[in-house]
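Protein chains in written order, with this note's numbering: chain E, 1 to 517; chain H, 1 to 618; chain G, 1 to 108; chain R, 1 to 166. For glycine and all other residues, C-beta sits at the position ideal for the given N, C-alpha and C. Contents: one structure, followed by commentary.
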Amino acid sequence: MALYLLILLPLLGAVLALLGVAPRKVSLLASLATLGLGLVLLLGYNPRLADPLSAPSAAQFQYVADLPVVPSIGLGLKVGVDGLGLMMVVLAGLVSLCAVQVAPAEREEDGAYFACLLFITAGCVGAFVSLDLFFFYAFHELALIPTFLLIGIWGHGERVAAAWKITIYLALGSFILLIGLLWLYLSFPAEVRTFDLLKLYQFAERGALEGAPQKEIFLVLLAGFGVLISLFPFHTWAPQGYAAAPTPAAMLHAGVLKKFGLFGLLRVAYPLLPEGAREATGILVVLLIGNLLWVGLAAIAQRSLDSLLGYSSVMHMGYAFLGLASLSPIGQSGTALLLFAHGLSVAALFAIMGEVRDRTGTTRLDELGGLAQRMPFLSVCFGFAMFASIGLPGFANFVSELLVFFGAFGVDGVHVGKRMAGDGLWIIFSPLQVGVIAGLWGVVISAVYMLRAYRRIFWGVLPDALREQTDPPLAARWPYALLIVGLMAIGFWPRLLLDVIKPGLGVQPTPAAQAGR
Amino acid sequence: MLPWLVLLAPLVAAGVILLVTRGSRALSAWISVGAVAVSFVASVALFLGPDLRSSVDWLRFDVLEGISLAVPFGVTVDSLSKTMLLVVTGVGLLVHVYSLGYMHGDRGEARYFACLSLFMFSMLGIVLADNFVMMFIFWELVGASSYLLIGHWFERPSAAEASKKAFLMNRIGDFGFMFGILLIWGMFGTVVFADLPGGIERLIGGVDAMRLTDPVQAATLSKRLTSFLTLAVLGIFCGAVGKSAQMPLHTWLPDAMEGPTPVSALIHAATMVAAGVYMLVRVSFLLPFAPSAMTVIAWVGIITAFVAALMAVQQDDIKRVLAYSTLSQLGYMVSAVGLAASGAAMFHLFTHAFFKALLFLAAGSIIHGMHHEQDIWQMGGLKNKQVITFFTFLVGALALAGLPYLTSGFYSKDAILYAAAGKSIPIFVLGLITAFLTAFYMTRLFLAVFFGKPRSEKAKTAHESPLVMWLPLVILAVPSVIFGFPFITSAFQLDAGHHEAGAIPVPMLAALAFLLGVGNGLWIYARREHDPIRISLLARKFYFDEIYAGLVRVTQDLAARIAGFLDRYLIDGLLVRGASALTFGAGFVLRFFQVGSAQSYAMVFALGAVLLLWVALR
Amino acid sequence: MSAITLNDYLLVSGILFAVGLFGVLVRRNIIVIYMCLEIMLNAANLALVAFSRFHVAPDGMPDYHGQALVFFIITVAAAEVAVGLAIIVALYRTRQTTQIDEINKLQY
Amino acid sequence: MSPALFWFFSLMMIAFAILVVVKRNPVASALSLVVSFIGLAALFVSLDAYFIGTIQILVYAGAVMVLFLFIIMLLDLKAEEKRVVTAAPLIGGIVVGFTFLTLLIRVLAGNANGKLPMPALPGPVDDVKRVGELLFSQYNLPLQIIGTLLLVATVGVVVLSKRELK
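Quick look at the structure:
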């Protein structure tokens with residue numbers, strides 16, 4: 001029942017905000033309550049009950065509750081979470097809390113604005129806790145609509161064009177996703193057809209999908225989720241959309257809502273269609289190299305911070321896909337952790353970008369400079385977030401990327417031994433290993449564009465036009481600090497999250513952790 | 001507990017300064033100094049104690065048969081890391097004390113000390129790391145703290161650019177490093193140093209066992225094993241090339257002199273840049289299995305040593321001369337690793353850390369006294385105005401140039417030359433020429449700075465530095481002299497190297513090189529007001545910077561432009577907007593069929609219905 | 001003349017339907033088009049009743065479900081005629097015509 | 001009913017339907033339609049559907065026709081003026097009609113069930129009772145809906161006929 005409460009909290013906040021009851025305070029409270037409840041549930045979650053080697057069941061998904069809606073086709077609002085879902089819920093609460101706080105002051109009394117933000121949160125939380133394919137999809141749609149509204153009504157620059165583009169693009173992606181999910185649903189034999197994920201896992205493990213065209217279904221799901229995650233070449237909505245979006249919307253979308261796609265691949269596509277995933281690896285690797293190198297290079301060419309961050313967030317999805325494609329628990333744990341790490345770091349970057357834009361009125365790199373002299377706090381925060389984003393150790397992103405690299409390299413690590421049997425002097429690497437090499441080079445690329453941006457904006461000579469800039473007031477600083485503390489906590493001690501999310505990905509929790517819990 | 005104390009004390013200091021005391025400069029500085037003092041004391045205690053290892057599970061995945069990933073957060077204290085700990089914390093402590101004076105009154109003093117503490121933490125992490133991943137983590141962290149320290153005066157565009165360059169060059173090296181780590185893990189399934197020799201033996205044992213049954217297969221297998229290991233070692237060496245500023249990634253180090261001088265002394269001379277060598281020594285057990293990689297390492301090292309010495313000859317900035325000499329000495333060490341003389345490399349690292357720190361700190365004292373003037377041709381006659389600095393600088397310079405039998409630098413360089421003489425005559429000859437050049441450019445530097453008449457207003461009004469600055473100089477002068485003597489090397493369990501040199505009288509030749517260098521320097525530069533030689537190829541550092549700038553323009557920037565252009569106009573333009581334009585266009589064309597006449601619609605509808613019927617009944 | 005079969009009824013119904021369809025397609029007076037629509041509806045009714053008669057229920061009587069459907073069709077048609085004619089009147093008031101080719105406001 | 005009568009009524013119905021189409025004067029068309037419907041009603045009777053035949057006469061020949069005529073008179077429609085007969089609809093109509101008929105004949109030719117004579121009935125026809133039973137039992141809900149539809153149509157007609165249309 002706690003999970004229903006989790007969905008209802010932000011919804012309730014949204015309704016109150018719509019009614020005009022101190023919108024920001026109500027929103028802060030609702031987000032805080034969501035975050036708090038999420039943390040409590042995370043502490044109460046027992047990863048040891050789960051058996052990573054069998055199909056996920058109620059032992060792995062705890063706090064399970066069911067509310068049948070159309071029993072004849074197996075449709076019901078079934079909820080339950082494992083470590084991964086809880087991590088995402090906490091992420092949603094955390095980013096939502098910070099996003100509400102950084103909303104600009106002139107929106108203070110705008111109930112609809114805050115209601116939109118909370119609707120996004122509610123939709124995300126709903127999607128992350130749903131164990132029913134239909135509601136899993138529907139909650140995501142619930143979160144998408146307010147995003148469009150936020151961009152179209154309260155956006156910056158070419159907001160209407162951007163809103164149209166993102167609407168049509170993402171709606172198309174959702175539509176493809178819907179086709180894929182329905183195809184998946186119909187591929188189960190009629191007598192076991194249900195929307196209940198837990199049952200689907202068990203049927204799939206017993207071989208219910210053996211005759212199905214797994215590869216084709218997987219590719220449709222990949223295309224659908226891929227559009228939502230901005231998989232190359234379906235990514236061009238992201239830079240434009242994020243540049244136009246109001247800061248909190250960009251934070252929530254890039255930080256949380258976009259992760260729905262990856263979450264969906266981890267929760268639906270990979271466990272149910274392992275064979276299809278295996279066959280589709282080659283295609284996925286080609287696309288993700290596009291994410292890593294092509295989009296990375298395009299990011300270098302950007303001349304303003306907002307589109308640079310947009311491209312950067314697209315590029316880092318390449319690592320997430322690399323981890324997924326590895327099909328190894330190590331790599332997929334890396335991806336799972338990257339959902340959290342990237343969510344926080346990109347939210348922090350967008351928040352600071354928004355603050356800079358609000359204060360200076362521009363995001364063009366050639367018009368900014370030397371801001372560290374006037375805004376020491378923001379420059380330090382941006383430095384931290386930048387280091388996190390380029391994968392510096394000490395931040396969660398590094399751990400995630402490390403696991404992704406090891407996972408993707410290691411699948412064929414045994415191949416290193418096998419390949420020794422071949423002839424010739426040249427060492428030929430598997431596609432995944434080529435992907436890893438591209439990813440390693442992507443780390444260099446990301447450093448190139450982020451350091452360039454940092455140097456242009458915060459270091460160097462301060463232009464006369466920016467002499468009067470100041471840091472945000474003390475009371476408004478905690479969101480940035482909170483996001484960075486989250487990143488560093490996981491970066492220093494990744495087992496805080498890893499021990500909880502591992503069983504969902506087929507790995508036992510680290511032995512020593514069990515004593516502590 | 002002791003190793004953890006060494007490691008974490010500076011981190012705590014950095015955190016406290018950042019979060020609590022950043023408002024108070026003096027307090028922050030003393031916290032930082034206190035932390036490094038704690039580390040130093042603990043290091044001494046460790047040095048006297050036994051070897052030990054301690055670790056906790058940081059990441060652990062054991063899932064599939066054959067694949068498991070265990071990354072402990074572990075420290076290892078053995079003779080290698082004990083020595084290095086003493087160097088790092090000892091030099092670090094002196095530099096911290098020195099900074100109290102040098103950075104006094106700087107606006108960003110608190111930030112400076114926080115970064116310095118962060119650096120100490122990261123560097124100690126490299127020293128103590130017991131596995132590749134841990135080493136990589138701290139490897140990156142020293143890169144980041146070096147970035148922050150070079151960019152300490154971030155409002156200067158040159159400093160901002162230099163720090164960016166340093167970080168990116170290191171990142172390129174780390175690309176190879178990580179790749180090497182992944183390969184190692186892929187082959188042996190572990191990243192822990194202590195487990196690797198066993199892993200290699202297992203693989204080789206497997207090949208040997210196969211040799212009895214299937215000799216052909218075993219031969220190819222053995223060849224593959226060698227090529228994989230070579231690739232892995234070269235990858236790891238890439239990391240060392242970046243961090244130790246070997247060719248061709250050396251250009252960041254001279255630029256890094258934009259940072260405060262104590263930073264140059266600690267990070268860009270004594271410790272961080274030596275980390276590459278330290279790491280190579282740490283994994284030197286891998287090298288014998290990859291002979292061709294060793295050749296590459298030896299040659300890269302000696303070429304760097306030689307080319308950097310050439311470039312140092314024509315530099316006018318005091319810190320840049322020292323920076324190039326650092327490059328050159330690092331080249332010696334790397335080359336020694338490649339010559340299978342890692343003991344000699346470590347020995348030279350050890351002595352070099354002290355005398356190079358001494359030289360930099362003395363240079364800092366000169367710059368401080370000269371009101372931040374760094375051009376040596378603006379100095380002159382300082383020997384009377386900065387007496388302590390003069391004598392300590394002399395000690396450092398002699399050690400660097402290798403005054404025979406009296407300075408530490410002579411012994412350690414000798415060890416490397418011995419190794420080269422036994423292995424490869426071309427490398428030995430290049431090493432000798434480098435030694436000659438070293439003596440030559442140090443003489444040039446020394447004469448231009450301390451002798452002759454003051455050549456500028458600043459030089460006339462130069463003054464000696466305060467106690468906190470000259471005291472570290474005096475302290476450092478002692479090890480610069482004595483740390484090469486045999487009784488010290490045995491105390492530190494350093495392998496001074498007694499390699500077979502054949503019939504070559506190495507110490508004689510080295511002494512000759514020293515004398516020739518000093519003599520030539522005296523002959524050319526005594527009582528000169530200007531530099532009598534101008535070789536622009538050397539002064540412009542072989543045009544490396546220009547070539548790289550051009551290279552970046554034609555590769556990365558061009559690729560970025562193309563990707564950005566195509567992304568905007570091909571993917572977003574042609575495909576995405578094309579799809580939307582197609583929809584609009586189709587609507588535009590199709591509306592001409594909307595003639596608005598209900599009967600036409602009915603006609604089309606009826607025709608269509610009949611057609612469908614006809615098709616269905618056909 | 002041989003006995004009348006179901007095919008005969010269906011043929012007649014089909015011809016009637018074709019005549020109505022032809023009228024809908026070629027006539028321009030909207031009222032006449034309406035009449036032709038009624039002819040088509042009635043052609044369908046004829047086919048339904050013929051089916052109902054020739055497909056006997058188990059008790060040997062005609063299948064009255066078809067006739068019930070015809071009843072509904074007639075009712076709907078009556079309502080449709082009423083509404084349709086009212087629309088025509090309203091249309092005539094604004095456009096002063098009942099010629100369908102002059103009522104083309106829907107054109108782009 | 002004898003085949004002769006069947007063919008007589010069929011031909012009458014079709015002939016007058018053709019007249020509906022070809023007559024230029026709407027009044028003539030309307031009156032032809034009445035005759036055609038009477039023929040149809042006769043065919044209904046020939047199929048033992050007395051109830052349907054009756055309401056066919058009542059509703060169509062009575063109510064609907066009166067409505068048509070009334071509207072024609074109300075609008076004071078003249079006969080269609082001579083205008084150039086455009087070829088396209090004519091040809092289209094002929095093509096559609098003939099293709100449809102050809103297809104129909106082909107289908108009917110292959111329909112063996114359709115070649116059986118009319119089955120004899122076991123007893124007297126009580127179609128009103130049976131249709132009524134069906135309507136008020138099985139089809140009760142549709143019947144209610146149809147009633148509502150008629151009501152809505154009535155109201156709609158009243159609204160549409162009001163002069164002040166917005």
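Report the option in the options whose CA atom is closest to the CA atom of residue i.
i             : options                       : result
residue 159/R : 95/G, 55/G and 87/G           : 87/G
residue 573/H : 122/E, 85/E and 165/E         : 165/E
residue 93/R  : 172/H, 610/H and 615/H        : 610/H
residue 158/E : 306/E, 212/E and 117/E        : 306/E
residue 274/H : 334/H, 295/H, 475/H and 308/H : 334/H
residue 92/E  : 105/E, 28/E, 368/E and 66/E   : 28/E
residue 251/H : 262/H, 226/H, 172/H and 290/H : 172/H
List, in order along the chain, the chain R residues whose C-beta lies closer than 8 Å to that of residue i?
i            : result
residue 15/G : 14 and 101
Strictly below 8 Å CB to CB, what residues from chain E border residue i?
i             : result
residue 137/H : 393, 394 and 398
How long is the line joining the alpha carbons of residue i and residue j, rounded to whole angstroms?
i             : j             : result
residue 133/E : residue 59/E  : 19 Å
residue 344/H : residue 412/H : 7 Å
residue 331/H : residue 293/E : 33 Å
residue 52/R  : residue 125/R : 13 Å
residue 398/H : residue 404/H : 9 Å
residue 493/E : residue 311/E : 29 Å
residue 512/E : residue 57/H  : With a pLDDT of 47 at residue 512/E, under the threshold of 50, the modelled position of that residue is not reliable, and the figure given next carries that caveat. So the two alpha carbons sit approximately 8 Å from each other.
Quick one: which chain G residues come within Cβ less than 9 Å of residue i?
i             : result
residue 606/H : 21, 24 and 25
So what does DSSP say about residue i, is it helix, strand or coil?
i             : result
residue 70/H  : strand
residue 98/H  : helix
residue 153/H : coil
residue 58/H  : strand
residue 638/H : This structure cannot settle anything about residue 638/H, because the visible part of chain H is limited to 1 through 618.
residue 424/E : In this prediction, residue 424/E has a pLDDT of 45, which is less than 50 and means its spatial position is unreliable; nothing more can be read from the coordinates.
Could you list which residues in chain H have their beta carbon closer than 7 Å to that of residue i, in chain order?
i             : result
residue 437/E : 179
residue 96/R  : 606, 607 and 610
residue 175/R : One cannot answer for residue 175/R here, as it falls past the ends of chain R, which runs 1 to 166.
Could you name the residues of chain R that residue i contacts, counting a contact when the two beta carbons are closer than 9 Å?
i             : result
residue 615/H : Near residue 615/H there are no residues of chain R at all, since even the closest Cβ is about 11 Å away, more than 9 Å.
List, in order along the chain, the chain H residues whose C-beta lies closer than 9 Å to that of residue i?
i             : result
residue 106/R : 617
Would the C-beta of residue i count as close to the ligand HEM, meaning under 7 Å from any of its heavy atoms?
i             : result
residue 118/H : By its list of ligands, the structure shown contains no ligand whatsoever, and the ligand HEM lies outside what it can speak to.
Would residue i count as contacting chain B if we go by Cβ distances under 8 Å?
i             : result
residue 133/H : Judged by its chain identifiers, the structure shown contains no chain B, and its protein chains are E, H, G and R.
Whose Cβ in chain H lies nearer than 8 Å to the Cβ of residue i?
i             : result
residue 405/E : 178 and 182
Starting from residue i, find everything on chain G with Cβ-Cβ shorter than 8 Å and list it in chain order.
i           : result
residue 8/R : Within 8 Å Cβ-Cβ: nothing; residue 8/R doesn't reach chain G, min ~11 Å.
Practice prompt. Could you list the residues in the segment 75-102 of chain G with a C-beta less than 7 Å from some C-beta on chain H, going in chain order?
Written response: So the close ones are 100 and 101.
Worksheet item: Along the segment 16-48 of chain G, what residues have a CB closer than 7 Å to any CB found in chain H?
Response: Legend: CB atoms of the segment 16-48 of chain G lying less than 7 Å from CB atoms of chain H belong to residues 21, 24 and 25.
Item to complete: Using a Cβ-Cβ cut-off of less than 8 Å, list which residues of the segment 581-603 of chain H approach chain G; keep chain order.
Response: The residues in question are 591, 592, 594, 595, 596, 597, 598, 599, 602 and 603.
Practice prompt. Taking only beta carbons into account, state which residues of the segment 136-160 of chain H come closer than 7 Å to chain E, listed in chain order.
Written response: Those residues of the segment 136-160 of chain H placed with their C-beta closer than 7 Å to a C-beta in chain E are 137, 140, 141, 144, 151, 154, 155, 157 and 160, ordered along the chain.
Worksheet item: Looking at chain H, which residues of the segment 455-471 of chain E have a Cβ within less than 8 Å of any of its Cβ atoms?
Response: Under the 8 Å Cβ criterion, the segment 455-471 of chain E contributes 455, 458, 459, 460, 461 and 462.
Discussion item. Along the segment 205-218 of chain H, where does the CB come closer than 8 Å to a CB of chain E? Name the residues.
Written reply: Across the segment 205-218 of chain H, CB contacts with chain E closer than 8 Å involve 217, in sequence order along the chain.
Worksheet entry | Members of the segment 351-379 of chain E that neighbour chain H once the beta carbon cut-off is set at 7 Å | Per Cβ criterion, the list reads 370, 372 and 373.
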